[in-house]
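In what follows, a single structure is set out as C-alpha cells and then discussed.
Protein chains: 4
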Amino acid sequence: MAGNTFGRLMKVTTFGESHGRALGVVVDGFPAGIAFDLEFIQSEMDRRRPGANSLGTKRDEKDQIKVLSGVFEGTTTGMPICMILENENQQSKDYSEIKDLFRPSHADYTYEMKYGIRDYRGGGRSSGRETSSRVAAGALAKLFLRSKGIEIKAGTVEVAGIKAENCNWDSISNELSCPDSEKTILMKEAIEKAREERESVGGIVECHITGVPVGLGEPCFDKLSSRLAAAIMSIGACKGFEIGEGFESARMKGSLYNDQMRVEDGKVSFNSNHSGGILGGISNGNEIVFRAAFKPTPSISREQLTITKDLENTTCLIKGRHDPCIVPRAVVVVEAMAALAIMDEYLISEAN
Amino acid sequence: MAGNTFGRLMKVTTFGESHGRALGVVVDGFPAGIAFDLEFIQSEMDRRRPGANSLGTKRDEKDQIKVLSGVFEGTTTGMPICMILENENQQSKDYSEIKDLFRPSHADYTYEMKYGIRDYRGGGRSSGRETSSRVAAGALAKLFLRSKGIEIKAGTVEVAGIKAENCNWDSISNELSCPDSEKTILMKEAIEKAREERESVGGIVECHITGVPVGLGEPCFDKLSSRLAAAIMSIGACKGFEIGEGFESARMKGSLYNDQMRVEDGKVSFNSNHSGGILGGISNGNEIVFRAAFKPTPSISREQLTITKDLENTTCLIKGRHDPCIVPRAVVVVEAMAALAIMDEYLISEAN
Amino acid sequence: MAGNTFGRLMKVTTFGESHGRALGVVVDGFPAGIAFDLEFIQSEMDRRRPGANSLGTKRDEKDQIKVLSGVFEGTTTGMPICMILENENQQSKDYSEIKDLFRPSHADYTYEMKYGIRDYRGGGRSSGRETSSRVAAGALAKLFLRSKGIEIKAGTVEVAGIKAENCNWDSISNELSCPDSEKTILMKEAIEKAREERESVGGIVECHITGVPVGLGEPCFDKLSSRLAAAIMSIGACKGFEIGEGFESARMKGSLYNDQMRVEDGKVSFNSNHSGGILGGISNGNEIVFRAAFKPTPSISREQLTITKDLENTTCLIKGRHDPCIVPRAVVVVEAMAALAIMDEYLISEAN
Amino acid sequence: MAGNTFGRLMKVTTFGESHGRALGVVVDGFPAGIAFDLEFIQSEMDRRRPGANSLGTKRDEKDQIKVLSGVFEGTTTGMPICMILENENQQSKDYSEIKDLFRPSHADYTYEMKYGIRDYRGGGRSSGRETSSRVAAGALAKLFLRSKGIEIKAGTVEVAGIKAENCNWDSISNELSCPDSEKTILMKEAIEKAREERESVGGIVECHITGVPVGLGEPCFDKLSSRLAAAIMSIGACKGFEIGEGFESARMKGSLYNDQMRVEDGKVSFNSNHSGGILGGISNGNEIVFRAAFKPTPSISREQLTITKDLENTTCLIKGRHDPCIVPRAVVVVEAMAALAIMDEYLISEAN
C-alpha cells in the first residue's frame, strides 16, 4: 500500500532511490501567497548533506533543489509544489558485494521478502538519502510556521552515552548540532574513535518548538503527541520517542509531575513543563519538547554474519566510507518532520 | 477536525463521554465470516474495568457491550460493527467543584480553549473511560489476529521506579498484569503507599507480539514502527514509546546492536532481537517488542494551584476515589491499540 | 475495506442493518458551539420516512433519533456526535422467501459473492433504510450551513418520464417534493398506476444550493463537482449525476454555453449559470445546481427470473408493500448528501 | 487543502502547470514485480497529445515521459513511481492579453478568488495539460489490470449532438476514437465547422470495462459507482456522469429495468445489463458501462464579456489555436481515470 505520504490537510509525498535518477517530494496543500525562499531551503538541505560536518562521510552529494511546480514569480500558488534532487553521479558502481546478501540491521531482508525485488544500489529507497525529500518539505513548512511565529530547533543531546548537560539552545555547535559546547568535544572524540574502530554509535536528538498556540491536535487518536510520534518514528533508525518528561515521567509522583497553573496580568502560565507542551493531546501554549533515540548506524566495516538471497549462510564486510554516527545529520530531519506535523495541525486548527 | 478514527483499511471510530448516555465504537472494514465471540470481548472489557483489580478505584462501571450492527447469526458480515456501552448510572452528580476550574495536567484547559465548551462531567471525552471503546475494538481485532496465529501480550514492567526483572510472560499476575511475581508485591506496596499519601505514580507497559509474518508495514512514512507509535501514543497519559532496545540503542555500538542472521534447516533466524522485530519499518518475522511510558495519574487528592475559567487564580482539591496508578489498567488498552495497528497492516499486506 | 465513512475534515460514519438492533451515524469533526436542534433533525427524518407521503409504503418506521454523545447542554462540543435509530419492531419475520435467492437488481447477489454471508432481513445493510443515517447527519450539517447562509433545497423534477416545467422552488408540494404543482398530479397518477400494475418507476431529483461563497473545492481530483458526484452517486439506486447543463452541455456551442461575467456596483455576476455554480472544480458564487437520476425500485410484485444461493435457476415474487417510486423519499437524502459534501468543503476552505 | 491525490491503497498524486518546468505524477502503492512497459505508456501519452488527430490543435507538445523512481531493471519495485514531462519550450510568451482578466468559463476567476494568485501562463494548473499526468498513471494501471484480465476501452459516442449508433467497439477510428465509422465523418464535419465559425462543441464519451470480477466496490459511501463518478467528474470540462442506463433509467419501468439472472452450466449470467455492471455499489461480473458528458471548450476566438482582476468590465478575445472539441482527446483520459479507480478497488478487494 501507499506509505509515502504524510499529512492530512497538507499532504507530503516523497519518492526516489539513493542511486536512482532523482529523489523528490510533492507538497500538496501548501497555502498560496508565501514567499518561496529557495536559498533557505537549500541551506537546510546543506545541513543534512554528508560532509556538512567533518565527522560525517566524505562523499560529495550535492543536493541541489530543482523546483518543478507550484511556484510562480517567487510565490507559492496553492498548487502542489514538486521539488527534486537529481543524482548527478549515477556511475555504474560495482554492487556485487551487496546485491545478493542482506546487510545486517538494514532493510535489505524485509524489502526483499515483502516485494520480491529491491533496488540494492546504495540501499535504494531505504537509504538515509530518502530523508533529503523530508528536509526539503520541512524547510518549506518552516517558512510557513515562521510567518506564524512558530520556531523549531533541534539538537544532539546524547552521543555514545555522552549526555549534553549545560545546554545553550541559542548557540549550537555546527558540527554536531549539540547545545553543550563542552560535551561536543567528547562526543566528537567518541565518534572519531568509533570510526577508527570500524564501529558506529547512536544518540538522542531533542527538539524544542516555540510559539505554538493553544489548541493544536485533536482528541482521541489524532492527539498532537500521536502525530508527532508518527512523524518522528517514521525516520529510519529512530527507535524511541518521548515527550516532556517521557520515560522519566513513569518514575515521578503526581504532585511533582503535574504542571500547576497561574494567571498573571491576564496571562496564563504553568509552573513547570513536565507535559512537554501537550495536555490531553492538545497543545497548551507551552514549549513543545520531545526526544528521539537513534540506533547506531547499521553499516560498519566489520565482518558480520548474514545470509544470501538464496538463504545460505555467509558473512559480509561493508566497504566504503560510512557515517559512524548519523545523529548529527538526523537533527535537521527531526526538525523537518516536526515542522510537517505541526503545520498540518496548524492548518487543521484553522478549520475548526 | 475529525480525530476519532484510527486505521486505513480497517477504520475504527470511537465516540462517547464519560458520563454521557453511552460510549461506543464503529469498526468498519472488519472481514466477514469471523465468529463473533462476545464472551471474549466482554472478558477484555472486564480487564480494563476499575475494580478489576483490588488496587484500582472501587467504582462500579459495568461495561456491558451491546452490539448494534454488523453481526448476523453469530458471524461478522463485513458490514460496520457498532458496539456500545451504556452509562447506566447517569445520576446527576454535583460537578460544582470542577466545572469552573481546570484540573492540573488534565485536558480541561486545552479543551476549553480549543472548543469554547467542554463536557466536564467526569472528564467528558478526555476521560480514561474513552479507552473502553478501544478495548472493545481491540478485542475484535484479536479474534481476527488469533485466526492468523498472531498473539499480543502486554504487561506492567515498571511502577514507581520498581522494575520487573525476572519476567515470566506465560504467567502474569492478574492484579498488576506484571510478569515478575516478586516485584509485583513491591509494586503493589508502592501503589498502596501512594494512595495513602494521596499521591499517584506512573509506570511502563511492555508488549510482545508473536506470530507476525515478515512484511507488515510500508516504507517511508507508514513504517510499522511509526504506526505502532501513533497507536500507542494516542492513549491518554502515554508520554513515551520505544521499540526493541529503544532509547538504550542510543548507547549501543553497531557491532553489538546489529541483529546478525543465520539460516538453519531453511529457516531464517536472527542472533538477537535488538531491533524489536522491525527493520526498515517492516516486520522481520521476529517477535515485536515495544514499551510505553505512562505518567502518574493527574487526579490526586491534594490541593493544587490552578486557574478558573474566568482566568483567576485558585486552588483545587479533587475529591472522589481515583486510581493512584492507571498502569495496570492501561495494559489491555496497549494490547488493544497494538492489535488495531497490526490488523490494519495485516489487511493491507494482503493487498500488495 | 471500510467504505462507510464520508468526508475528510468532517467524517461521517454510518452503520446498521434494516432489521438489526439499530442504525446510526457518528459525525466526527462537527464544530463546537452549534445549537443542537433535535426537533429539526427529527423533522428531516420524518421527510424520509415511508408513510410521510400517501404514495409511499404504509409501513410504520418510527425513526426516533437518540443522541448518544457529542452534545452537552444543548450544544455541540466538537466531540463525535453519535445518533442512533433503534429498530423497535424486530419481530422475527419469515424470510424464507428471500433468504436463499437473489432478488433481481438488488445487492443480494453481489453481497453474497463478496462477503460469503449477508444479512437478508429486509435487505440488511443494502436496504434503503441505510439512508436514514445520512439524513440525520445531513440535518446536522444543514444546521451548520444555515448559520453560514447556505441553503439546500431539492425536489422531484421528473417521475416516470413526466417532467416538471413550471417550477416554483419556494412552494414545493409535500407529497412528491415537486416544484411544479400541476405536474405533481400527473406524477402521482403515474405512481398510483405503477402500484396497481405491480410496477415501479424512476425519476430525477434536482438540487439547488444557494449562498455558497466563491472558493469551495480543490483543484484536480477533489473538485467540488467530483466531491458532489461521489456523495450523490453513493446513494442506492442513483444511476446518474450531472451539474449545471450536464449532459445537455454536450450539445451546446461554446458561445452559448460560456457564462460571461459582469460587474455592477462592485458586485460580480454571471450572465448565465450553465456551469451550475462550479468553474474549474471550484464554486464561483453562483447557485449550485445538479440533478440525480434514480432507477425504478427493484422490488416489484411480479414474478421474475433469478437464481438461488446454490446457483440453481428459479423465480421470485417479492411480496409485501413496496414503494412503487422511491424518488420523493430520495429528495431529502440528496439534500443530506449535498449538505455533507458542501460542509466538508466549507471547513476545508477555512484552513487555506 | 491537498486535492491532487486520487486513490486509497494506490495513491496517485499529480503536479505541474501548463507552462511550468514540468508536469508529473507519483504513483504510490503500485505493486512490485510488474514489467514497466515504457513504450506502452508513451503510446498512451501520444493518444492524448494535441496533434494526435488532425482535428485538434497543431501545437507540438512532446510528452516524453521521464521516469525518476520506482523502477529497477525494467520492473516495478513497490516503491513510488515518479514520472515527469518536462516542458521543453518554455519560451517567454506574451501573456498580457489574459493575465489581468478572467476568461469566461475558465478557472481563472475561481483560482484568483481562492488563492489570490494564479499562474496564468497557458492556464497554469487548470490547463487541460494537467491530464497528461493522469494518462501516464492510467497507462501504468492498465498494465496491472491487463495482467488480471481487465480491459478498458472508451470512445466518443456523441459530438455536437451527433450520436454514434452502429457501434463497433473492436474497430475504433483513430481520429475521433468513435466506434461508429459513418458518424465519425459527420462528427468531423461538425468540428471543422465549429473551428471555421470560431466556435466550440461538446460531446459524450462512453467507456466499457470488461473482465471485472464480482465484488469490487464497498457498501455505502465507497460504492464502485461513487468511486467511478468521483474519478470521472474530476476531469476538467466533465459535467455529467451516468452508469448503465443512467438518466434513461429514470424513465424505465422496474419490470423492464431489472436485470434478471440465469445459470447455465454453472455460469451465472444476466439477461440484460441495464445496471451497467454494478449492483448495490459492487461489481456484478457484467461489463461495466458508463458515459461522461463534456462541455464545449471554453476557449473560443470570439469576443466575450468578462471582467478584469480589478473588477472592471471588459471584453476578451482569446487568440491562438484551440481545440474546437476536446472530446476525442478526453477519451484516453476517461480510460485512465477508470483504470485508476478500478485498480484501487481491485487492490482493496484482495485485502478483504
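Protein chains in written order, with my numbering: chain A, 1193 to 1544; chain B, 1193 to 1544; chain C, 1193 to 1544; chain D, 1193 to 1544.
Every residue, glycine too, gets a C-beta built ideally from N, C-alpha and C.
Among the options, which one has its Cα closest to the Cα of residue i?
| i | options | result |
| --- | --- | --- |
| Val1460/D | Tyr1301/C, Lys1203/C, Val1218/C, Thr1268/C | Tyr1301/C |
| Cys1430/D | Gly1316/D, Ala1333/D, Val1526/D, Ile1342/D | Val1526/D |
| Glu1265/D | Asp1255/D, Glu1289/D, Asp1372/D, Ala1227/D | Ala1227/D |
| Thr1402/B | Pro1490/B, Gly1341/B, Ala1352/B, Met1275/B | Gly1341/B |
| Ser1324/B | Ile1427/B, Leu1201/B, Asp1502/B | Ile1427/B |
| Ile1273/D | Arg1513/A, Ser1235/A, Phe1207/A, Lys1415/A | Phe1207/A |
| Arg1454/C | Lys1415/D, Phe1413/D, Glu1504/D | Glu1504/D |
| Ile1276/D | Ala1356/A, Val1217/A, Arg1239/A, Lys1285/A | Val1217/A |
| Ile1424/B | Met1202/B, Met1529/B, Ile1396/B, Ala1328/B | Met1529/B |
| Ile1498/A | Asn1463/B, Glu1537/B, Glu1381/B | A small fix is needed here, since residue 1498/A is Thr in this sequence, not Ile. Cα-wise, what sits closest to Thr1498/A is Asn1463/B. |
| Val1481/D | Thr1489/D, Pro1490/D, Ser1491/D, Asn1465/D | Asn1465/D |
Do residue j and residue i have their beta-carbon atoms positioned less than 8 angstroms apart in this structure?
| i | j | result |
| --- | --- | --- |
| Ser1392/D | Pro1520/D | no |
| Phe1439/B | Ala1422/A | no |
| Asp1451/A | Pro1411/B | no |
| Ser1541/B | Leu1335/B | no |
| Ala1299/C | Leu1471/D | yes |
| Ser1418/A | Gly1330/A | no |
| Glu1434/D | Arg1494/D | no |
| Gly1221/D | Ala1346/A | no |
| Leu1337/D | Ile1233/D | no |
| Ile1383/D | Val1351/D | yes |
| Val1524/C | Thr1348/C | no |
For residue i, name the three-state secondary structure that DSSP assigns.
| i | result |
| --- | --- |
| Cys1430/A | strand |
| Asp1238/C | helix |
| Asp1536/D | helix |
| Ser1541/C | helix |
| Lys1487/C | coil |
| Asp1457/B | coil |
| Gly1216/C | strand |
| Lys1291/C | coil |
| Leu1201/C | coil |
| Leu1509/C | strand |
| Lys1285/D | coil |
| Met1392/A | Looking at the sequence shown, residue 1392/A is not Met but Ser. Residue state, collapsed to three classes: coil. |
| Ser1135/A | In this structure chain A extends from 1193 to 1544, so residue 1135/A is not present and cannot be described. |
| Ser1441/C | helix |
| Val1481/D | strand |
| Val1404/D | coil |
| Ala1346/D | strand |
Mind checking which residues open and close the beta strand (DSSP E) that includes residue i?
| i | result |
| --- | --- |
| Gly1518/C | The sequence given here places Ile at residue 1518/C; Gly does not occur at that position. Per DSSP, Ile1518/C belongs to no beta strand (DSSP E) and is neither H nor E. |
| Ile1257/C | 1257–1259 |
| Ile1226/C | Counting along the chain, Ile1226/C falls outside any beta strand (DSSP E), and DSSP gives it neither H nor E. |
What span of residues does the alpha helix (DSSP H) with residue i cover, start to end?
| i | result |
| --- | --- |
| Lys1334/C | 1323–1339 |
| Lys1375/A | 1373–1388 |
| Gly1446/A | 1446–1449 |
| Lys1415/D | Taken as a continuous stretch (DSSP letters only), Lys1415/D belongs to no alpha helix (DSSP H), as it is neither H nor E. |
| Met1305/D | 1300–1307 |
When the Cβ atoms of the segment 1258–1278 of chain A are set against those of the segment 1302–1318 of chain D, are three or more pairs found closer than 8 angstroms? Segments in contact, yes.
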